Amino acid sequence: MSIERRVRTRFAPSPTGPLHLGGVRTALYCWLFAKKNGGDFLLRIEDTDQERFVPGAEEYIIESLNWAGLHYDEGPGVGGPHGPYRQSERKPIYRKYVDQLLTAGHAYYAFDTKQELDDMRERMTKAGMVSPKYDHVTREYMKNSLTLSKDEVDARLAAGEPYVVRIKIPRNEEIRLHDIIRGWVSVRSNELDDKVLFKSDGMPTYHMANVVDDYLMNISHVIRGEEWLPSAPTHVLLYKYLGWEDQMPQFAHLPLILKPEGNGKLSKRDGDRLGFPVFSLNWTDPFSGETSSGYREAGYLPDAYINILVMLGWHPTDNKELFTKDELIEAFSLERVSKSGAKFDPEKAKWYNHQYLKMTDNAILAEAFLPQLKDQGIEINLEYVQNVCGLIKEKATFMKDFWSLSSYFFKKPEHYDEKVIEKKWDAEASLFLSALINIFSTLTDFKSESAHKGFEEAAVSLNLKSGNYMQLFRVVVSGQASGPSIWDMVALIGKDEIVNRLQLAMQLYGK
RNA sequence: GGUCUGUUCGUCUAGGGGUUAGGACACCAGAUUUUCAUUCUGGUAACACGGGUUCGAUUCCCGUACAGACUACCA
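Take the working numbering: the last position of the first sequence gets the number 558, and nothing is skipped along the way.
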């Protein structure tokens, strides 16, 4: 293993639908590891299964990655020295390696039809085998170049009979592979099946394509989900048979992301069923028309999303929880990725978003808030919006909460929290609010402190406890029972409007 | 069923042969001179079980249990 090897990682999704949480996290770890080591991160589209092709999926994947800020150095649309980066476009490349395996005797032709395969499985199942494999024993009873005579094989090939190429798994060997996260893993070859390498449609399967492409693209580290661990030994064998042992990438199999309730890995099929999105972006299935929501549209900030995902299976050396991308690149290492699956916690995800919202500059928030305001028919100067954002971001979990949290900064309340009105508006309240109107009206300098002072004065003048009317006052001004610091809010709305709203409420509820 | 992988508070996790087993989310309580969904302070809460090894094991080893992944001409 050369010490000088340049770090190159790849994210290799199959365009069979939208990208979900786990996929993005895999991409994130690949990206982080590459950046951390000054290497390259590539995107490769694994579309060797034309039957599962879903229109729009590739675009969706790319857009998801871009939204999350995981820009790739090589890949579709970007190019690079090892292209093309779509396996369907690399089709002619694979044949040569399949032939190499065939001539070396590490692979063989198999002519079994779907029916024959099914029959074999049924037979074996009846014989008590739970999941029959095409392996070193069953292949003896099947139609392949190991059981058929050379003449017959040639004849079938010449006749254009459909065939697949399977790897010939050796008997009684122990296959060891080193995983950065899990250490040494070993399997006996007899447990492995003769996987199809080359399909009858002329396309390689994942196993073949992935090994060939990783080699050709000079991938140094294969970082992927744990679901690939069982087939990794087959891949190791492929590197060996192709004579690429020296360039074999290092493996790191990531723990799975599990459903919050119960068990099992979070899957695309979970959609919105669990009460939170599993996808990055909104998605409409082109076949069924079914729509699923995404984190972007749900109001998550990209950096918050990244932060949520990175903590699902990785942990820094200290107890730090909030990271910028640069800090993540600095802190990340595969050695600190945990081995066990992580249940996704939607509540904690919200907390992260809230933290990021608070950290975001008011100017940026205001800019993002503008479209919502426009939809509400509000036109107002940007500085005011920025100030509003500064006050309400403490209270918001999502950007989309902004309007409901702040509408009263832009127009008079249309409804008042009736519970508070009922509970707090007594005879004294009317006296108090009248006094407040008078005092506020005389103020020339209407700021947080002066408004607060005026409020206290009104209470003192009537010998009342100011605290008793605090929440009522908030409701009168905003219609809502809770919100940001009351005096800051009042000062921002301004004296005339506040007095106005007090009078309005007196007309409605005054006793 | 078989193979592989895993198992520290409800959840994400830190730690590691001798610790009051640490942090975060959630939850509960108090505080912010009784606005609040923010903030602050405090609290409840965990080493799956059984055997070893050891002066000592939550930490190392072996079993058991449980969980998950895989078991297609899908990736």
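For each residue, glycine too, the CB sits at the ideal point set by N, CA and C.
All values derive from a computational prediction rather than experimental measurement.
Three-state secondary structure assigned by DSSP to residue i
i, result
"D260", "helix"
"R218", "coil"
"D87", "strand"
"W361", "strand"
"G541", "coil"
"L244", "strand"
"V211", "strand"
"M48", "Any answer about M48 is weak, because its pLDDT of 48 lies below 50 and its placement is not dependable; what the coordinates show is given next. Correct three-state label for M48: coil."
"S135", "helix"
"L478", "helix"
"L75", "helix"
"F326", "strand"
Inter-residue spacing [alpha-carbon to alpha-carbon] between residue i and residue j
i, j, result
"T364", "I376", "14 Å"
"L112", "G70", "10 Å"
"H225", "D146", "28 Å"
"G116", "I108", "12 Å"
"R379", "Y76", "Reading off the sequence, residue 379 comes out as Phe, not Arg. Approximately 8 Å between the Cα atoms of the pair."
"P296", "G103", "31 Å"
"E374", "K367", "10 Å"
"L356", "F326", "12 Å"
"E163", "P324", "42 Å"
"V432", "A538", "14 Å"
"L549", "M406", "34 Å"
"A552", "P333", "52 Å"
"S49", "H183", "Below a pLDDT of 50, predicted positions are generally treated as unreliable, and S49, at 48, falls in that range; the measurement from the model is reported next regardless. Roughly 35 Å between the two C-alpha positions."
"S525", "L452", "10 Å"
"N22", "S488", "The displayed coordinates of the chain run from 48 to 558. Any statement about residue 22 would go beyond what the structure contains."
"R383", "F80", "12 Å"
"A506", "D492", "20 Å"
"N329", "W231", "40 Å"
"L483", "L555", "16 Å"
"H462", "S477", "19 Å"
"D473", "F457", "28 Å"
"R595", "A299", "Outside the shown range of the chain (48 to 558) lies residue 595, about which nothing can therefore be said."
"F58", "K138", "19 Å"
"K466", "L519", "10 Å"
"Y188", "S178", "17 Å"
"H282", "G437", "54 Å"
"E274", "G311", "12 Å"
"T63", "L89", "19 Å"
With 16 other Cβ atoms within 10 Å as the buried cut-off, status of residue i
i, result
"V212", "buried"
"H67", "buried"
"H118", "exposed"
"P123", "buried"
"K242", "buried"
"E496", "exposed"
"H254", "buried"
"E512", "Strictly speaking, residue 512 in this sequence is Lys, with Glu absent from that position. Result: exposed."
"S61", "buried"
"M176", "exposed"
Limits of the alpha helix (DSSP H) - the one that residue i falls within
i, result
"H225", "Where H225 is concerned, there is no enclosing alpha helix (DSSP H), although the beta strand (DSSP E) it sits in stretches over 221 to 226."
"Q527", "No alpha helix (DSSP H) contains Q527, which DSSP labels as neither H nor E."
"H268", "Note, H268: premise wrong, no alpha helix (DSSP H); beta strand (DSSP E) at 268 to 272."
"F502", "495 to 508"
"A104", "104 to 115"
"Y288", "279 to 288"
"V125", "It is not in any alpha helix (DSSP H) - V125 carries neither H nor E in the DSSP assignment."
"V200", "197 to 205"
"Q147", "138 to 150"
"Y342", "342 to 345"
Enclosing beta strand (DSSP E) for residue i [first to last residue]
i, result
"W231", "230 to 235"
"T172", "Premise fails: T172 lies in the alpha helix (DSSP H), 161 to 173, not in any beta strand (DSSP E)."
"R55", "55 to 58"
"H300", "297 to 301"
"Y155", "154 to 157"
- Query: Curious, which full-length alpha helix (DSSP H) runs of at least 4 residues does the segment 370 to 403 contain?
  - Reply: 372 to 378
- Complete runs of the beta strand (DSSP E) confined to the segment 419 to 476 [at least 3 residues]: none
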